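For the protein sequence lines, the chains are W and Y, in the order given. Here the first sequence is numbered in the working numbering, starting from 997 and rising by one per residue. Here the second sequence is numbered in the working numbering, starting from 997 and rising by one per residue. Where is the CB? At the ideal position from N, CA and C, for every residue including glycine. Computed from a prediction, not measured in an experiment: that's the story for all the values here.
Protein chains: 2
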Amino acid sequence: MNDTRLIDIAAALGISVTTVSKALKGYTDISENTRARVLEMVATMNYKPNANAVNLRTNETKTLGVVIPTMVHHFFSSVLNGIIDEAENRGYLVIILQSNEKYELEKKQIALLQQKRVDGILISLSNETDDFSHINDAIKKNTPVVLFDKIAKLVDCSKVVINDRKAAYDAVTYLINKGYKKIAHFRGSYTPQNSIDRFLGYKKALEDHNIPYDPTLVYLCDHNSDFEDGYDNAQKLVAEHKDVDAIFAITDLVAIGIIKYLNDMHIKIPEQIAVFGFSNWFMSTVISPKLTTIDQPGYDIGQRAASILINEIAQIKEHLPVIHQTIELPTLIIERESTIRN
Amino acid sequence: MNDTRLIDIAAALGISVTTVSKALKGYTDISENTRARVLEMVATMNYKPNANAVNLRTNETKTLGVVIPTMVHHFFSSVLNGIIDEAENRGYLVIILQSNEKYELEKKQIALLQQKRVDGILISLSNETDDFSHINDAIKKNTPVVLFDKIAKLVDCSKVVINDRKAAYDAVTYLINKGYKKIAHFRGSYTPQNSIDRFLGYKKALEDHNIPYDPTLVYLCDHNSDFEDGYDNAQKLVAEHKDVDAIFAITDLVAIGIIKYLNDMHIKIPEQIAVFGFSNWFMSTVISPKLTTIDQPGYDIGQRAASILINEIAQIKEHLPVIHQTIELPTLIIERESTIRN
DNA sequence: ATTTTCGACGAAAACGTTTTCGATTTTACC
DNA sequence: GGTAAAATCGAAAACGTTTTCGTCGAAAAT
Chain W
997 MNDTRLIDIA AALGISVTTV SKALKGYTDI SENTRARVLE MVATMNYKPN ANAVNLRTNE
1057 TKTLGVVIPT MVHHFFSSVL NGIIDEAENR GYLVIILQSN EKYELEKKQI ALLQQKRVDG
1117 ILISLSNETD DFSHINDAIK KNTPVVLFDK IAKLVDCSKV VINDRKAAYD AVTYLINKGY
1177 KKIAHFRGSY TPQNSIDRFL GYKKALEDHN IPYDPTLVYL CDHNSDFEDG YDNAQKLVAE
1237 HKDVDAIFAI TDLVAIGIIK YLNDMHIKIP EQIAVFGFSN WFMSTVISPK LTTIDQPGYD
1297 IGQRAASILI NEIAQIKEHL PVIHQTIELP TLIIERESTI RN
Chain Y
997 MNDTRLIDIA AALGISVTTV SKALKGYTDI SENTRARVLE MVATMNYKPN ANAVNLRTNE
1057 TKTLGVVIPT MVHHFFSSVL NGIIDEAENR GYLVIILQSN EKYELEKKQI ALLQQKRVDG
1117 ILISLSNETD DFSHINDAIK KNTPVVLFDK IAKLVDCSKV VINDRKAAYD AVTYLINKGY
1177 KKIAHFRGSY TPQNSIDRFL GYKKALEDHN IPYDPTLVYL CDHNSDFEDG YDNAQKLVAE
1237 HKDVDAIFAI TDLVAIGIIK YLNDMHIKIP EQIAVFGFSN WFMSTVISPK LTTIDQPGYD
1297 IGQRAASILI NEIAQIKEHL PVIHQTIELP TLIIERESTI RN
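1. Could you please give the first and the last residue of the uninterrupted alpha helix (DSSP H) stretch that includes Phe1072/Y?
2. Pick out whichever of Asn1138/Y, Gln1105/Y, Ala1164/Y has its Cα sitting closest to the Cα of Val1318/Y.
3. Is Ala1302/W helix, strand or coil by DSSP?
4. Taking the continuous alpha helix (DSSP H) assigned at Glu1333/Y, which residues delimit it?
5. Excluding the five sequence neighbours on either side, which residues of its own chain have a C-beta within less than 8 Å of the C-beta of Lys1018/Y, listed in chain order?
6. Interface residues of chain Y around Ile1106/W at Cβ under 7 Å?
7. Taking only the alpha-carbon atoms, compute the straight-line gap between Ala1107/Y and Glu1100/Y and give it to the nearest angstrom.
8. Could you have a look at Phe1223/Y and say whether DSSP puts it in helix, strand or coil?
9. What residue from Gly1022/W, Tyr1215/W, Thr1247/W has the CA that sits closest to His1232/W's CA?
10. Assuming the contact rule is C-beta atoms closer than 8 Å, Ile1269/Y and Ile1243/Y should be a hit. Round their C-beta distance to whole Å, please.
11. Mind listing the chain W neighbours of Ser1284/Y? Cutoff is C-beta to C-beta under 7 Å, in chain order.
12. Are the CB atoms of Val1141/W and Ile1158/W within a distance shorter than 8 Å?
13. Interface residues of chain W around Ile1252/Y at Cβ under 7 Å?
14. First and last residue of the alpha helix (DSSP H) that includes Phe1195/Y?
15. Assuming the contact rule is C-beta atoms closer than 8 Å, Ile1283/W and Ile1252/W should be a hit. Round their C-beta distance to whole Å, please.
16. Should Asp1126/W be labelled buried (16 or more other beta-carbon atoms within 10 Å of its own) or exposed?
17. Would you please state the rounded distance, in angstroms, between the beta carbons of Ile1309/W and Ser1154/W? I believe it to be under 8 Å.
18. Could you tell me how far apart the beta carbons of Asp1228/W and Met1279/W are, in whole angstroms, since I believe they sit closer than 8 Å?
19. Among the candidates Ile1135/Y, Met1261/Y, Glu1331/Y, Asp1145/Y, whose CA atom is the shortest distance from the CA of Ile1312/Y?
20. Between Glu1102/W and Val1156/W, is the Cβ-Cβ spacing less than 8 Å?
21. Taking the alpha carbon of Ala1148/W as the reference point, which residue from Ala1164/W, His1130/W, Lys1162/W, Ala1163/W has its own alpha carbon closest?
22. Just to make sure I have the definition right: I need the residues of chain W whose C-beta is within less than 9 Å of the C-beta of Phe1223/Y. Which are they?
23. What does the alpha-carbon distance come out to for the pair Leu1196/W and Ser1221/Y?
24. Apart from the five residues just before and just after Ala1301/W, which ones in its own chain have a Cβ nearer than 6 Å to its Cβ?
25. Roughly how many angstroms lie between the CA atoms of Thr1014/W and Asp1152/Y, to the nearest whole one?
26. Here's a check: name, in chain order, each residue in its chain whose Cβ is nearer than 6 Å to the Cβ of His1320/Y, leaving out the five neighbours to either side.
27. If I'm right that Lys1112/W touches Leu1089/Y with Cβ under 8 Å, what's the distance once you round it to whole angstroms?
28. If you draw a straight line from the alpha carbon of Lys1021/W to that of Thr1040/W, how long is it in whole angstroms?
29. Can you tell me whether Gln1292/Y is helix, strand or coil according to DSSP?
30. Against Val1068/Y, what residues of chain W qualify as contacts under a CB-to-CB distance less than 8 Å, listed in chain order?
31. Would you list the one or two residues that DSSP bridges to Ile1117/Y?
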């Protein structure tokens, strides 16, 4: 019932805890003979070092903290998957906390992770967050932080993102090149950086192709359900702008809401209106028509972010200077039925 | 840069660490005056207790370990959500590990969690697992374990499940009552318990309603992609059985594959063939036609499992006897367009 | 004035490791 | 055989808490 400790196997072998510890940690001043005996006893007694004691002594926990807005989103769960895999490979565990898009909760979670003395923190900021002192506090206390996806440019740390602006620009340019003339944009809330960037990409693409920007073609999707936002705004759009021939949506889910409405109204996609999504989650291959979208590499983002973080942890441990980097992962246009006119 | 410790705030106040610690933990032999001073200094120095030291001393980590086969499945991510929420509410953190459906990895993850001295373990077994000694080892060492979803009846611990057999029985009975005569089943692989149970429920429902069981109406979906399994097998089915009028699929994703194929072939749903899914994940409300399915309460499963686990942790701490319970969460038929004939 | 009680605090041990620094024994060498 | 060097080992401190047990002075009771 009780966990066996170093002292137990020391007693069983008639030697000191020091020797046992050294034998396990590869010290050279232990004879091969006793080392073998220790190893054997460790196996038979099923000894597992008490991580708390080790952590206290060594001042590292081999644990990463992750804070995400929400877990039940395909994008974040694939990011998590990437993080967990990379952490696993490099001998780290992962503690996952959710902010539910609330600033106060995010702050609390960061404090919790500091209390747990995690070796590093990965975080995608909540939509509410516009004060970064909690992040800076962690960094100041020597806990490296890597921001991903929803980042803040002002924070001095490494970041892993996609170029939302370029991706959106490419998407809209693609639509223009396909011959679509009047392109609406279903945008996200006003604060998150990627919502802003995607909007800017949309606007820039129009300008660069001499299409006047029309603010009434931009619809705000900032309610709880992306799907319903898409559905409801599609209804508005159809009522207000008879001649729109394409929609660039901030999210696949919004796009799917749009498709659902258009299908319900028997408005042909893409013949009457084309739809372009963002993220390439599984559903977009399943809906009818299949959705053209931007592939957002969630797994890679998670993996790279974790990798950078673990590297920085190592640097700090060696007292080497750490150079923060901002990685921009490439996105890809996935062309499917919802934009292909014959 | 350095974290402040008890001794730091003791020094700042000219008192002992003992007094500081007691003041923080609500001991009654501290004057209200000094308690107030301590609290203030704690705030200004931004003191956060070192969890490792606390854990070592108190022998509890306020941390739960979770092992799931994979994270990028809607069902598991909602279970996780339930676990994390409940843990959060009760003051626990959560470490999440994946087994990738491999027994060896699952074993390793359990060992890791024991090393971390988590207070309890939640696990949904991998498909490969048929030896439970690693689970029993944890239980024997006084770490309570709660199994959920993919459980092993032989292990002596609490469990949270749905009644797959009954749910499937109800689904097929529903179809029969709706007047469907020839009902096919798209089943999952042969080993997992819930795949077996759903198949048995299907078979039993037929028998109880005097419909002869026809093995050629059962199609095996055991490739990587549930969606493609559904699509491909739908193709086979349509070729082999012209007169089938309903399909009960083991998974929404399989069902959606089926729908996709039938839509592609312009076979009317449900007029020619009805489709019944399992799990009620978001997608089933988005597909056309909307999918009738069984609601599998992932969030509740996670929440209940975490709740039971935390209760057992408390019992053990108080040296009270723990009575293991097996909770069967109710499932519900969600009727939508894919089975409603006019 | 003496004892008893009580209020407020601190010393010290303990949790299970890791690591420094000696200490002791063995081996090598002349 | 004596010394130096190498090979093995252990004692003890330290990590930051929590908690038991005492101590000490002041207030209350005698």
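From the atom records:
1. 1070-1085 is the span of the alpha helix (DSSP H), which, as asked, contains Phe1072/Y.
2. Considering only alpha carbons, the answer is Asn1138/Y.
3. Correct three-state label for Ala1302/W: helix.
4. Counting along the chain, no alpha helix (DSSP H) covers Glu1333/Y, and no H or E run does either.
5. Hits under 8 Å: Asp1025, Ile1026.
6. Around Ile1106/W, no beta-carbon contact reaches into chain Y at under 7 Å, the shortest distance being about 11 Å.
7. In a straight line, the C-alpha of Ala1107/Y is about 11 Å away from that of Glu1100/Y.
8. The answer is helix: DSSP assigns Phe1223/Y an H, G or I state.
9. The question names His, but residue 1232/W in the sequence shown is Lys. Scanning Gly1022/W, Tyr1215/W, Thr1247/W for the CA closest to the CA of Lys1232/W turns up Tyr1215/W.
10. Contact between Ile1269/Y and Ile1243/Y holds: CB atoms are separated by about 6 Å, below the 8 Å threshold.
11. Asn1259, Ser1284, listed in chain order.
12. It is not a contact, given that the beta carbons lie outside the stated cut-off.
13. Residues of chain W passing the Cβ test: Val1282.
14. Run containing Phe1195/Y: 1189-1204, per the alpha helix (DSSP H) assignment.
15. Rounded to whole angstroms, the Cβ separation of Ile1283/W and Ile1252/W is 6 Å, and the two are in contact under 8 Å.
16. Result: exposed.
17. The beta-carbon distance between Ile1309/W and Ser1154/W, rounded to whole angstroms, is 12 Å. This is too long to meet the 8 Å contact definition.
18. Between Met1279/W and Asp1228/W the Cβ distance is about 19 Å, and since that is not below 8 Å, they are no contact.
19. Of the candidates Ile1135/Y, Met1261/Y, Glu1331/Y, Asp1145/Y, the one whose C-alpha sits nearest the C-alpha of Ile1312/Y is Ile1135/Y.
20. Taking the C-beta atoms as reference points, Val1156/W is found no nearer than 8 Å to Glu1102/W.
21. Per the C-alpha coordinates, the member of Ala1164/W, His1130/W, Lys1162/W, Ala1163/W positioned closest to Ala1148/W is His1130/W.
22. Within chain W, Phe1278, Thr1281, Val1282 have C-beta atoms less than 9 Å from the C-beta of Phe1223/Y, given in sequence order.
23. In this model, Leu1196/W and Ser1221/Y are separated by some 37 Å (Cα to Cα).
24. Annotation for Ala1301/W: Leu1118, Val1142, Phe1144, Val1156 place their beta carbon closer than 6 Å to its own, counting only its chain and skipping 5 residues before and after.
25. Thr1014/W and Asp1152/Y: Cα-Cα distance of roughly 38 Å.
26. Excluding residues within five positions, the ones whose Cβ falls inside 6 Å are Cys1153, Ser1154.
27. Right, their Cβ atoms sit about 7 Å apart.
28. The alpha-carbon atoms of Lys1021/W and Thr1040/W are separated by roughly 18 Å.
29. In this structure, DSSP gives Gln1292/Y a state outside helix and strand, which the three-state scheme calls coil.
30. Neighbours of Val1068/Y on chain W, chain order: His1070, Ser1073, Ser1074, Asn1077.
31. Answer by DSSP bridge pairing, in chain order: Gly1061/Y, Val1141/Y.
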